[in-house]
Every structure is written in structure tokens, then in C-alpha cells.
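Asks: Numbering (my numbering), first residue to last: 313 to 553.
Note that the Cβ used here is the ideal one computed from N, Cα and C, for glycine as well.
Before I ask anything, let me first share the structure, which is written out below as C-alpha cells.
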Ligand code: FPP
């Protein structure tokens, strides 16, 4: 599908794009359907945008699929999302055929054994691809991630391996799930919400943002192209002048 749409001329492509998939519930509600239908439709968008990221030459794309706070949702919705993860990992062969590396970030300990096993197998079978890496954030929370890094550093201090005055921001970066992944340059959030919701809060220190009212299931490859074209017009100074 996405292959039929010409790839636009791009002056500058972000190295790492983050996507907060939002608006699935509202999409379903507008149609009088249970929320889980919105998530099912959202997966189609997720697949199309991942493929497009590769066509546009984006090296890393991270999707916020399930946060550490999302467990508060009704059980049938959580179950439906977990089922979608499993089903899509079974079908992830498509991404492997397209030579897209798949990785996961987040706390896996709360996930089912079978899901964890599929995640590990998928990572393993795609680890040799180098053009585009798709990262799925599952049971992910930015504060949780930073807290985990701080605990590790505190252990080193306790053991006398490190002085508190020697702690650097790099030491935190090196202890995040994304330790070997560049910081996020551009965060796209559809559905009209303008907040970060605990998504890569450390890695996004200098990120640009793109907000649109379109609900995630309605977000098309052309909408994605438009967002990426706009990134080329942003002037990033990283605190300089
Ligand atoms: C936010 O919309 C969406 C989520 C919390 C879940 C996103 C999950 C998927 C798209 C399925 C993931 C599966 C794969 C394989 C990627 P919302 O429910 O908060 O929408 P609302 O704001 O309209 O209520």
C-alpha cells in the first residue's frame, strides 16, 4: 500500500522519531464500537507507518504502545491490547521480510511468559538488520526507567566504586533501555492531545514536537510524510544560538 505513494524529497530526516499512538478509543467511540476495535485499527496504522519510516530513511522509530499507567484501564481492554501484541508478533515476519529490526523497551517482568518469549525471538531474528529499527515501548514509563538507572548508580556509590560528585548525565543515559540508541529528535502525537505522558522524558530533552488533531487510526502515510517534511523546517539549536 505505502509503496504506491511516491517518497517525497526530504531536506532533513530525523534520526529517531517517537510516536505516541493516541486516539484509538475515541475513534471507536465515534463509530459506536468498543474501544478495542480502535486499537485493532491502530495496529494497521502502526504497520503502515513503520514501513514508511524505512522508505523515508528513518533509522529509528519508537512507538508508545503500552505505558506503565495503562494497567489501570478496564481488564478487557488491557487483555485485548496484550492479545494484539501477541498476534502481531506472530505476524512480524512481514517486518523481517522487509529487513526492519524490531526491538522492545519497557519492563518485561509484568508481561506473560509467552509474550516475553515472542519478543525475544523477534529481536533475535531481526538483530542483523541495520537500516531501520522499530522499537515498541511496552509497559514503558520514563520515570520508571530513570528510577531504575538511578538505583544502579546508587548501588555503585554504596559499594564505594563511585563518588556522588562524579555522577554525570551520561551515566544515566548508559543505564536506560535505549542505552545504544540515539536520543529522540522528533515526537509525533496525534489526536489533539499536547502532552508527553511519561514517554522517553530523558531522551527527548532536545526533541521537536508535532501535534495533529487526526486520531491515530485515521493517520495516514501522507500525514506522516507531512510531519517529516515539517521537521526539515525546524531550526534546532540544542541550547546554542
Ligand atoms: C492510546 O489510545 C492507545 C493505546 C494506549 C494503546 C495503543 C496500542 C495499540 C495501537 C495496539 C498495539 C499493538 C501493536 C502491535 C503495536 P487511547 O486508547 O488512549 O485513545 P483515546 O485517547 O481516544 O481514549
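#1: Within 10 angstroms of the Cβ of residue 539, are there 16 or more other Cβ atoms? Answer buried if so, exposed if not.
#2: Using 8 angstroms as the threshold, is the segment 484-492 in touch with the segment 397-413, meaning 3 or more CB pairs across them?
#3: Which residues in the same chain as residue 402 place their Cβ atom closer than 8 angstroms to its Cβ, once the five residues preceding and following it in sequence are excluded?
#4: In the structure shown, what three-state DSSP assignment does residue 379 receive?
#5: Taking Cβ positions, are residue 347 and residue 354 nearer each other than 7 angstroms?
#6: Comparing the CB of residue 557 with every heavy atom of the ligand FPP, is any distance shorter than 6 angstroms?
#7: Per DSSP, which one or two residues make a beta bridge with residue 445?
#8: With DSSP run on the structure shown, which of helix, strand or coil describes residue 505?
#9: Quick check on residue 523: does DSSP put it in helix, strand or coil?
#10: Are the beta-carbon atoms of residue 371 and residue 327 separated by less than 7 angstroms?
#11: Short of 8 angstroms in beta carbon distance, which residues of its chain neighbour residue 313, apart from the five on each side in sequence? Order them along the chain.
#12: Would you kindly report the start and end of the unbroken alpha helix (DSSP H) that includes residue 460?
#13: Using the Cβ count rule (16 or more neighbours within 10 Å means buried), how would you classify residue 515?
#14: Who are the Cβ neighbours of residue 320 in its own chain at under 7 angstroms, not counting the five residues just before and after it?
#15: For residue 313, which three-state DSSP category applies?
#16: Do residue 524 and residue 502 have their beta-carbon atoms positioned less than 7 angstroms apart in this structure?
#17: By the three-class DSSP mapping on this structure, what secondary structure does residue 400 have?
#18: Is there a Cβ from chain B that is less than 7 angstroms from the Cβ of residue 393?
#19: Could you check which residue in 406, 527, 424 has the C-alpha nearest to that of residue 446?
#20: Give the straight-line distance between the Cα atoms of residue 363 and residue 333, rounded to the nearest whole angstrom.
#21: Just checking, does the segment 375-382 make contact with the segment 448-457 on the three C-beta pairs under 8 angstroms criterion?
#22: Which residue from 461, 340, 545 puts its Cα closest to that of residue 520?
#23: Check this for me: beta carbons of residue 469 and residue 330, under 7 angstroms apart or not?
Replies: Walking through what the data contain:
#1: Translated into the one-based positions of the chain shown, residue 539 becomes position 227. Counting other Cβ atoms within 10 Å of its Cβ, residue 539 reaches 16 or more and is therefore classed as buried.
#2: By the Cβ criterion, the segment 484-492 is not in contact with the segment 397-413, since fewer than three pairs of Cβ atoms, one from each stretch, lie closer than 8 angstroms.
#3: Numbered from its first residue, the chain shown carries residue 402 at position 90. Excluding positions up to five away in sequence, the list reads 430.
#4: By one-based count along the chain shown, residue 379 stands at place 67. Note: residue 379 maps to strand in three-state DSSP.
#5: Start at 1 with the first residue of the chain shown, and residue 347 comes out as number 35. Start at 1 with the first residue of the chain shown, and residue 354 comes out as number 42. In this structure, the beta-carbon distance from residue 347 to residue 354 does not fall below 7 angstroms.
#6: The shown model of the chain, from 313 to 553, leaves out residue 557, and the question about it has no answer.
#7: Walking along the chain shown from the start, residue 445 turns up at place 133. 372, 413, per the DSSP bridge assignment.
#8: Locating residue 505 in the chain shown gives position 193, counting from the first residue. DSSP places residue 505 in coil when its eight states are reduced to three.
#9: Locating residue 523 in the chain shown gives position 211, where the first residue counts as 1. Note: residue 523 maps to strand in three-state DSSP.
#10: As a working mapping, residue 371 is identified with position 59 in the chain shown. As a working mapping, residue 327 is identified with position 15 in the chain shown. Yes, the Cβ-Cβ distance between residue 371 and residue 327 is below 7 angstroms.
#11: Counting from 1 along the chain shown, the entry for residue 313 is found at position 1. Its pLDDT being 49, under 50, residue 313 is placed unreliably by the model, and the measurement read from it follows with that caveat. Counting only Cβ-Cβ distances below 8 angstroms, and skipping sequence neighbours, we find 360, 533.
#12: On the chain shown, residue 460 is found 148 positions in, with the first residue counted as 1. 454-470 is the extent of the alpha helix (DSSP H) around residue 460.
#13: Position 203 of the chain shown, counted from the start, is the residue given in the question as residue 515. Taking all protein chains in view, the Cβ of residue 515 is crowded by 16 or more other Cβ atoms within 10 Å, so the residue is classified as buried.
#14: The residue labelled residue 320 in the question sits at position 8 within the chain shown. Here the set comprises 537, 541.
#15: Here the question's residue 313 lines up with position 1 in the chain shown. Note that residue 313 scores a pLDDT of 49, beneath 50, so its modelled location is shaky; the value from the coordinates is reported in the next line. The answer is coil: DSSP assigns residue 313 none of H, G, I, E or B.
#16: In the chain shown, the residue the question calls residue 502 occupies position 190. In the chain shown, the residue the question calls residue 524 occupies position 212. Note that the C-beta distance between residue 502 and residue 524 is below 7 angstroms.
#17: If you number the chain shown from 1, residue 400 lands on position 88. It is helical.
#18: Going by chain labels, chain B is absent from the structure shown, which holds only one protein chain.
#19: As a working mapping, residue 446 is identified with position 134 in the chain shown. When each option's Cα is compared against that of residue 446, the closest is 406.
#20: Locating residue 363 in the chain shown gives position 51, where the first residue counts as 1. Locating residue 333 in the chain shown gives position 21, where the first residue counts as 1. Looking at the two C-alpha atoms, the distance is approximately 16 angstroms.
#21: Touching, yes.
#22: Position 208 of the chain shown, counted from the start, is the residue given in the question as residue 520. Of the listed residues, the one whose Cα sits closest to residue 520 is 545.
#23: On the chain shown, residue 469 is found 157 positions in, with the first residue counted as 1. On the chain shown, residue 330 is found 18 positions in, with the first residue counted as 1. Going by C-beta atoms, residue 469 is not nearer than 7 angstroms to residue 330.
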